[in-house]
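Below you'll find the structure, written out as C-alpha cells, and then a few comments.
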Amino acid sequence: MAAAVRSRGAPWAHWARAASSGAPPLRVLKANRDANVGALAGAIRHELVNMPSVGLEAVGPRAQLKALKAMIFASEYLHEERPGMQVAADPRREEIPPKGDLPGTSGIRFYLSLVPEQVLAEADMMFSQSTNPGVAATELAEKMTQRNLVTLSGMGENAISMALKAVIIARTRLKLEEQDALLVAPSMQAVGDYKRVLLQCQRGTARHG
C-alpha cells in the first residue's frame, strides 16, 4: 500500500474523506521544472500498478509539460503489465498557499488513472502560446457534447499550458459534477524535426482517492 504523503497545498479535507470512506489515501507526486522525466514516469508506473489512481502536482508551464511527458513514458512502461491501457489525467486547478518566503500561487493537480488506449486521431484543435483558453474552452465543450473524443495539440510548454487551462475551464462549461472527469491522455507526434503533444480528451469518472 502506498504511503500517504502530504504535499504542499494538499487539502487535509481530501485526506479525511479518503480515510472515512475506507479507501487508502491518495499518494501525491510532484513534477517540477527540473524533474527527471524517466524517474517520475517510473514512480507513476509503480503507483498505478498497485493503486487505481495517483496525484501529480505541477506548477508552471515547464513543470506541466514534464508531467505530461512522464505520463507518456509511464504508459510505455506499463505495456506489459497493463496491455491495452494508457495513463490519463483529470487536471484540476489547485491554489497553493504562501509558505515561508514563497508567495501563494496556483498550479495543476493531475489525478492519474488508467484508461483503454484510443486510436490516435488527427488534432481537432491547435493551441499556441497566444491562444485564449476561455474561448478555446467554449469550443472544446461544444465538441465534447457532440462526440466522445476530441484531440488537442500544441508545440512547446506555453502552448500546452493554454491547452490544459482550456480543459479545466471546459469542465465548468460542461457543468460536470464532482464525480465526473474530463480526462486527457497525452501522446507525442513527430512533425518534421519537431515533436508536438497531443491530448486526447474524453469523459470519465473522477478518481481522487
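What the sequence shown shows, in this note's numbering, is residues 16 to 224, in sequence order.
Glycine residues also receive a C-beta, built at the ideal position from the N, C-alpha and C atoms.
(request) Would you kindly report the start and end of the unbroken beta strand (DSSP E) that includes Ala196? (result) Residue numbering aside, residue 196 sits at position 181 when the sequence shown is read from its first letter. Looking at the DSSP string, the run of the beta strand (DSSP E) that includes Ala196 is 195 to 206.
(request) Assuming Met170 contacts Tyr209 (C-beta within less than 8 Å), just tell me the rounded distance between them. (result) Start at 1 with the first residue of the sequence shown, and residue 170 comes out as number 155. Start at 1 with the first residue of the sequence shown, and residue 209 comes out as number 194. Right, their Cβ atoms sit about 6 Å apart.
(request) Please confirm whether Ala200 and Gln79 have their CB atoms less than 8 Å apart. (result) By 1-based counting over the sequence shown, the position of residue 200 is 185. By 1-based counting over the sequence shown, the position of residue 79 is 64. Result no, Cβ atoms of Ala200 and Gln79 do not sit closer than 8 Å.
(request) Consult DSSP for Thr166 and reduce its assignment to one of helix, strand or coil. (result) The residue you call residue 166 lines up with position 151 of the sequence shown. Of the three classes helix, strand and coil, the one that applies to Thr166 here is strand, per DSSP.
(request) Return the CA-CA distance between His223 and Ala205, expressed in angstroms with no decimal places. (result) Taking the first residue of the sequence shown as position 1, residue 223 is located at position 208. Taking the first residue of the sequence shown as position 1, residue 205 is located at position 190. If you take the alpha carbons of His223 and Ala205, they lie about 33 Å apart.
(request) Just grab the DSSP bridge partners of Met159 for me. (result) Here the question's residue 159 lines up with position 144 in the sequence shown. BP columns for Met159 are empty, so no partner.
(request) Compute the Euclidean distance between the alpha carbons of Leu55 and Met203, then round it to the nearest angstrom. (result) Position 40 of the sequence shown, counting from 1, holds the residue named residue 55. Position 188 of the sequence shown, counting from 1, holds the residue named residue 203. Their backbone Cα atoms lie some 17 Å apart in a straight line.
(message) Measuring alpha carbon to alpha carbon, tell me which residue in Asn51, Asn47, Leu213, Ser68 is nearest Val130.
(response) Along the sequence shown, read from residue 1 onward, the residue named residue 130 stands at position 115. Nearest C-alpha to Val130: Ser68.
(request) Would you kindly report the start and end of the unbroken alpha helix (DSSP H) that includes Ser236? (result) Only positions 16 to 224 of the chain appear in this structure, which leaves residue 236 out of reach.
(request) Give the secondary structure of Gln215 by DSSP, where H, G and I count as helix, E and B as strand, and everything else as coil. (result) Within the sequence shown, residue 215 is the residue found at index 200, counting from 1. Residue state, collapsed to three classes: strand.
(request) Put Gly53 into one of helix, strand or coil per three-state DSSP. (result) Working through the sequence shown from its first residue, we reach residue 53 at position 38. In this structure, Gly53 counts as helix in the three-state DSSP scheme.
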